[in-house]
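Asks:
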Amino acid sequence: MTTLNIPIDEKVEKEAEELFSDFGLDIPTAVNIFLRQSIRENCIPFNIEREVPNADTIAAMREAEEMKKHPEKYKGYHDVDEMMKDLLA
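Residue numbers for the sequence shown follow our numbering, beginning at 62 and rising by one.
(1) Under 7 Å between the Cβ atoms of M128 and Y138?
(2) If we require 4 or more residues per run, which alpha helix (DSSP H) segments fall completely within the region 73-117?
(3) Report the rounded CA-to-CA distance for E78 versus P106, giving the unit in angstroms.
(4) How is the alpha helix (DSSP H) around M145 delimited, first residue to last?
(5) By how many angstroms is the C-alpha of D142 removed from the C-alpha of L149?
(6) For P114 and M122, which I take to be in contact (beta-carbon distance under 8 Å), what is that distance rounded to the nearest angstrom?
(7) To the nearest angstrom, report how far apart I119 and T64 are at their CA atoms.
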């Protein structure tokens, strides 16, 4: 058996530990599972894709940026009932 030393962002490590512990695994065991599955399937066992937002998502992102830049143009709410009243009007 050999040992791997892999630099990992602390936040990623913590989140991975929490996730894997739910399955009764530690990080070395999870990495071993990943490596064995990669060998078995002769590929990376999940899709690695760049997420490309669709037109609706791009429009929503632009709208959110506009709202962030100019909050004075948009009504905000501190009360859910008031917001619902306006939404249902």
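Beta carbons: idealized from backbone N, C-alpha and C, even for Gly.
Because the structure is a prediction, the values reported are computed rather than measured.
Replies: In short:
(1) No; because the gap between Cβ atoms is not below 7 Å, this pair is not in contact.
(2) Those alpha helix (DSSP H) runs which fall completely within the region 73-117 and span 4+ residues are 88-102.
(3) Distance between the alpha carbons of E78 and P106: 20 Å.
(4) Taken as a continuous stretch (DSSP letters only), the alpha helix (DSSP H) holding M145 covers 141-149.
(5) Cα to Cα, L149 sits roughly 10 Å from D142.
(6) The pair is a contact, with the Cβ atoms about 7 Å apart (cut-off 8 Å).
(7) Between I119 and T64, the C-alpha separation is close to 44 Å.
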